[in-house]
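Peer 1: Supplied in structure tokens, the structure appears directly below.
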Amino acid sequence: MPIRLSTLFLRTLREDPADAEVDSHKLLVRAGYIRRSAPGIFSWLPLGLMVKNRIEQIVREEMAAAGSQEVHFPALLPKEPYEATGRWEEYGDNIFRLKDRKEADYLLAPTHEEVFSLLVKDLYTSYKDLPLSIYQIQIKYRDEARPRAGLLRGREFVMKDAYSFDIDDAGLERSYQAQRDAYERIFKRLGLDYVIVKADAGAMGGSKSEEFLCPAEIGEDTFVRSSSGFAANVEAVRFEPSPEVDASDVPAAEVHDSPKTPTIQTLVDFSNKEHPRDGGWSAADTLKNVVLALVSPEGKRSLVIVGVPGDREVDQKRAEAWFSPNDVEQASEEDFANHKGLVKGYIGPTKGSKQFLGEKAESKIPYFVDPRVAKGSAWITGANENEKHVWNLTFGRDFDADGVADIAEVRAGDPAPDGSGPLELARGIEIGHVFQLGRKYAEALDLKVLDENGKLVTVTMGSYGVGVTRLVAVVAEQSHDDKGLIWPESIAPAQLHIIAAGKEESVFETAEQLASEAEELGLTVILDDRKASPGVKFADAELLGMPWVIVCGRGLEQGEVEMWQRATGERFAVKLESALAELTARRK
RNA sequence: CGGGAUGUAGCGCAACUUGGUAGCGCACCUGUUUUGGGUACAGGGGGUUGCAGGUUCAAAUCCUGUCAUCCCGACCA
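Numbered according to my numbering, the first sequence spans residues 33 to 620.
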């Protein structure tokens, strides 16, 4: 039976909802696919549910092809497994917690690594049982501080999460690749434009991780890519230390008074005025020593100082990724008060002619430099005395560092780390994430099996996520125009939308007849059999976004119907008898 | 959590400055009309104006508090 608009539970809106900002949100609400229930929580109406179900079906097919088996865990779980891995604490306010009548703690699961691991531990004890890949399609709950953009960042959302269990690293690599390949097939079937970027693996203690991003202005992730294929999340870009430069011509370092120069700009201006040189000085000639406070997961606070070229800022997210699992904060007034040797605005690696910053130096504060600080490069930097700087301080000759910290902002035009050309920056929406977890969770939960020598070994895991409900929004975001949604055939609620445009009974009869013939050919059909004017039906057909539309109307007198292709906007008349044959031919 | 804005009918909005007991468009119901681009006309149903307190003869409107929502930022395995 076709989906009849005369009886479908649907109300389309003429105007955009006031609380929607992004196109996918506006259109999905206007077209009657979803309704907001609470911030970041949506109800699914018939058409929306059909799209979501079709995406889930594609995911199921590709998971099966990747050798993964479907299971299903509760969304409501006791806290114990999450305590074992420390995440009951780590997640903080971001999880929905609740108590049962006995005051026992429960949570609405934000992710399921723990219970998957425990179930495997429960059932399997031998290397012969591995590898194993299992997945579920389940509702996740995260109490986001700020849900936004409709389905793109919700507090309740559907995710496909898969987990692999292997005996060794080679097995993990194979499992990872199988999931990664499945993701490529899934996103291709959805007709999505996406990029695979190197992601930060440190946060979950893993070794390798990639994200699937859909390029979009409204995306929350920033990534970089080069024209010849390098792509990474900005958090995960790692630059090689610059090669050593010849410092034999660099004059000896000299300390000078530099009154009222606490900022890079004032210092550059002062240098050009009081110590001019050919070509002048710029911010890139100065070494800015940024004091950061690291806060460990246990809450311990310690300082580090990072020297970066004065023309670059520290990127907070990159710093967090670099110093993971610590949190990174700006040093506070109190931090400075606790380290009297630090002269704010005039901090530098040396004091007098001796190393000052560094774990083993006077300050005992670890000191790192940006990879752009090459051995042999000379800098203007602080002298650790009020209103004094030092010129021509040369790395490797006059000062040293405890290591490299690659936490400066990445800029468009920076060379790619693999030498593949200049980088461009773009924003993207994360639609999938594949992750080699390694043994972190297995260790914490004591997930071990006997190997062929009868020895207990810890299993190595991978975790793989696809945001199913987010995909509904991403497809809508990538595929729409000012009139409405444009679904790809693979997930459209129906492939064909038939409009009865006219008042004569014969028009409706023809449309009905056409609908049942189309269904016999295996097509899913929406039939607009409402008693409404043609204009209303045309506008709704475009808003709802089925890939093909057939209009039964005035052309019937000549035995013709009109066919529209939503995506291309192409429209043409065909003989009624050959309409479905034409459609079948065009769909190939 | 910081900054900004907004809460009036299912949806989009007006009335608030200057207090007088709520209105417009869409949607919905009835009738007539119209039938290839959101027809036209007439009639109709639907609101304790976010909540609580205060001022006043009288509060959507003024005052205090509170809650909620949206946007920017912080945060986001």
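No residue lacks a Cβ here, since even glycine has one placed at the ideal position from N, Cα and C.
Measure from the alpha carbon of arginine 221 to the alpha carbon of each residue in Ile90, Arg36, Glu102, Gly435, then state which is nearest.
Peer 2: Residue mapping note: residue 221 aligns to position 189 of the first sequence, counting from 1. Looking at the Cα atoms, Ile90 is the closest of the given residues.
Peer 1: Check whether the Cβ atoms of glutamate 441 and glutamate 366 sit closer than 7 Å, and answer yes or no.
Peer 2: Mapped onto the first sequence, residue 441 falls at position 409. Mapped onto the first sequence, residue 366 falls at position 334. In this structure, glutamate 441 sits away from glutamate 366, with a CB-CB distance that is not shorter than 7 Å.
Peer 1: Would you check if the region 469-479 and the region 372-386 touch, i.e. whether three or more CB-CB distances between them fall below 8 Å?
Peer 2: no
Peer 1: So proline 78 packs on leucine 40, CB below 8 Å; how close in whole Å?
Peer 2: Locating residue 78 in the first sequence gives position 46, counting from the first residue. Locating residue 40 in the first sequence gives position 8, counting from the first residue. In this structure proline 78 is in contact with leucine 40, their Cβ atoms being roughly 6 Å apart against a cut-off of 8 Å.
Peer 1: Of the residues Trp313, Asp343, Pro294, Trp354, which one's Cα is nearest the Cα of tryptophan 423?
Peer 2: As a position in the first sequence, residue 423 is number 391, starting the count at 1. Considering only Trp313, Asp343, Pro294, Trp354, the residue with the shortest C-alpha distance to tryptophan 423 is Trp313.
Peer 1: At the level of alpha carbons, what is the spacing between serine 207 and lysine 472?
Peer 2: Here the question's residue 207 lines up with position 175 in the first sequence. Here the question's residue 472 lines up with position 440 in the first sequence. Serine 207 and lysine 472: Cα-Cα distance of roughly 17 Å.
Peer 1: Alpha carbon to alpha carbon, how far is leucine 685 from glutamine 168?
Peer 2: Residue coverage of the chain in this structure runs from 33 to 620, which leaves residue 685 outside it and unanswerable.
Peer 1: Using the Cβ count rule (16 or more neighbours within 10 Å means buried), how would you classify histidine 421?
Peer 2: The residue labelled residue 421 in the question sits at position 389 within the first sequence. Buried: at least 16 other Cβ atoms inside 10 Å.
Peer 1: Can the beta-carbon of leucine 139 be found less than 7 Å from the beta-carbon of isoleucine 199?
Peer 2: Position 107 of the first sequence, counting from 1, holds the residue named residue 139. Position 167 of the first sequence, counting from 1, holds the residue named residue 199. Cβ distance not < 7 Å, so leucine 139 and isoleucine 199 don't count as in contact.
Peer 1: Does the distance from the CB of alanine 98 to the CB of alanine 210 come in under 7 Å?
Peer 2: Sequence index remark: in the first sequence, residue 98 carries index 66 (1-based). Sequence index remark: in the first sequence, residue 210 carries index 178 (1-based). Contact: yes.
Peer 1: Suppose the cutoff is 6 Å on Cβ atoms and the five residues either side in sequence are ignored; what does the same chain contact list for glycine 377 look like?
Peer 2: In the first sequence, the residue the question calls residue 377 occupies position 345. In the same chain as glycine 377, and ignoring 5 residues on each side of it, the C-beta atoms closer than 6 Å to its own belong to Pro294, in chain order.
Peer 1: May I have a chain-ordered list of the alpha helix (DSSP H) segments no shorter than 4 residues that lie completely inside the region 159-232?
Peer 2: 201-221
Peer 1: Could you tell me whether the region 597-609 touches the region 565-582, where touching means 3 or more Cβ pairs closer than 8 Å?
Peer 2: yes
Peer 1: Let me check understanding here. Comparing Cα to Cα, which of Ile531, Lys305, Val282, Leu389 lies closest to valine 322?
Peer 2: The sequence position of residue 322 within the first sequence is 290, counting from 1. Selected option, being the one with the closest Cα: Leu389.
Peer 1: Measuring straight from C-alpha to C-alpha, what distance separates glutamate 14 and glycine 534?
Peer 2: With the chain covering 33 to 620 only, the question about residue 14 has no answer from this structure.
Peer 1: Between alanine 547 and the rest of its own chain, which residues show a CB-CB distance below 7 Å, the 5 nearest in sequence each way excluded?
Peer 2: Taking the first sequence and counting its residues from 1, the one referred to as residue 547 is at position 515. Only Pro34, Ile530, Val557, Leu559 meet the Cβ criterion.
Peer 1: Give me the Cα-Cα distance between proline 447 and serine 274, rounded to the nearest whole angstrom.
Peer 2: Locating residue 447 in the first sequence gives position 415, where the first residue counts as 1. Locating residue 274 in the first sequence gives position 242, where the first residue counts as 1. If you draw a straight line from the Cα of proline 447 to the Cα of serine 274, it is about 12 Å long.
Peer 1: Which full runs of the beta strand (DSSP E) of 3+ residues lie inside the region 550-600, going along the chain?
Peer 2: 557-560, 580-584, 592-597
Peer 1: If glycine 460 sits next to glycine 414, beta carbons under 8 Å apart, how far is it from one beta carbon to the other, in whole angstroms?
Peer 2: As a first step, residue 460 must be located in the first sequence, where it is residue number 428. As a first step, residue 414 must be located in the first sequence, where it is residue number 382. At roughly 38 Å, the Cβ-Cβ gap does not stay under 8 Å, so glycine 460 and glycine 414 are not in contact.
Peer 1: On the DSSP letters alone, give me the boundaries of the beta strand (DSSP E) that tyrosine 138 sits inside.
Peer 2: Taking the first sequence and counting its residues from 1, the one referred to as residue 138 is at position 106. Element bounds for tyrosine 138: 137-140.
Peer 1: Proline 106: buried (16+ other C-beta within 10 angstroms of its C-beta) or exposed?
Peer 2: The residue given as residue 106 occupies position 74 in the first sequence. That one is exposed.
Peer 1: Buried or exposed for phenylalanine 604, going by 16 or more other Cβ atoms inside 10 Å?
Peer 2: Here the question's residue 604 lines up with position 572 in the first sequence. So phenylalanine 604 ends up on the exposed side.
Peer 1: What are the boundary residues of the beta strand (DSSP E) that includes isoleucine 531?
Peer 2: If you number the first sequence from 1, residue 531 lands on position 499. Where isoleucine 531 is concerned, the enclosing beta strand (DSSP E) stretches over 528-532.
Peer 1: Output needed for threonine 616: all residues of its chain with C-beta closer than 8 Å, excluding positions within five of it in sequence on either side, in chain order.
Peer 2: Here residue 616 corresponds to residue number 584 of the first sequence, with the count starting at 1. Cβ neighbours of threonine 616 beyond the five flanking positions: Leu553.
Peer 1: Would you report the Cα separation of proline 49 and glycine 64, rounded to the nearest angstrom?
Peer 2: Reading the first sequence from its first residue, position 17 is the one you call residue 49. Reading the first sequence from its first residue, position 32 is the one you call residue 64. Using only the alpha carbons, I get a separation of about 11 Å.
Peer 1: Which first and last residues belong to the beta strand (DSSP E) in which threonine 367 is found?
Peer 2: On the first sequence, position 335 is the one that residue 367 refers to. One point to set straight first is that residue 367 is aspartate, not threonine, in the sequence displayed. It is not in any beta strand (DSSP E) - aspartate 367 instead sits in the alpha helix (DSSP H) that spans 365-370.
Peer 1: With respect to the beta strand (DSSP E) encompassing lysine 240, which residues constitute its N-terminal and C-terminal limits?
Peer 2: Residue mapping note: residue 240 aligns to position 208 of the first sequence, counting from 1. Note, lysine 240: beta strand (DSSP E), 240-247.
Peer 1: Please state if the CB of glycine 342 and the CB of threonine 318 are separated by a distance shorter than 7 Å.
Peer 2: To locate residue 318, count along the first sequence from 1; it is residue 286. To locate residue 342, count along the first sequence from 1; it is residue 310. Yes, Cβ-Cβ distance for threonine 318 and glycine 342 is below 7 Å.
Peer 1: State the Cα-Cα distance for the pair lysine 487 and threonine 157, rounded to the nearest angstrom.
Peer 2: Mapped onto the first sequence, residue 487 falls at position 455. Mapped onto the first sequence, residue 157 falls at position 125. C-alpha separation (whole angstroms): 11 Å.
Peer 1: Please say whether proline 291 and glutamate 419 have beta carbons closer to each other than 7 Å?
Peer 2: By one-based count along the first sequence, residue 419 stands at place 387. By one-based count along the first sequence, residue 291 stands at place 259. Going by C-beta atoms, glutamate 419 is nearer than 7 Å to proline 291.
Peer 1: If contacts are defined as beta-carbon pairs under 8 Å, then serine 241 and glutamine 468 qualify, I think. What distance do you get, rounded to the angstrom?
Peer 2: Stepping through the first sequence from its first residue, residue 241 is reached at position 209. Stepping through the first sequence from its first residue, residue 468 is reached at position 436. Confirmed, Cβ separation roughly 7 Å.
Peer 1: What first and last residue would you give for the alpha helix (DSSP H) that runs through phenylalanine 148?
Peer 2: Working through the first sequence from its first residue, we reach residue 148 at position 116. 145-155 is the extent of the alpha helix (DSSP H) around phenylalanine 148.
Peer 1: CA-CA distance, proline 113 and glycine 445?
Peer 2: Walking along the first sequence from the start, residue 113 turns up at place 81. Walking along the first sequence from the start, residue 445 turns up at place 413. Near 46 Å, if we compare the C-alpha coordinates of glycine 445 and proline 113.
Peer 1: Can you list, in chain order, the residues of its chain whose CB lies under 8 Å from that of aspartate 561, leaving out five sequence neighbours each side?
Peer 2: Walking along the first sequence from the start, residue 561 turns up at place 529. Taken in chain order, the residues that qualify are Arg36, Leu37, Ser38, Ala532, Phe540, Ala543, Glu544.
Peer 1: Helix, strand or coil for methionine 95 per DSSP?
Peer 2: Counting from one through the first sequence, the residue named residue 95 turns up at place 63. Helix.
Peer 1: Any chance the region 109-129 sits against the region 224-231, with 3 or more Cβ pairs inside 8 Å?
Peer 2: no
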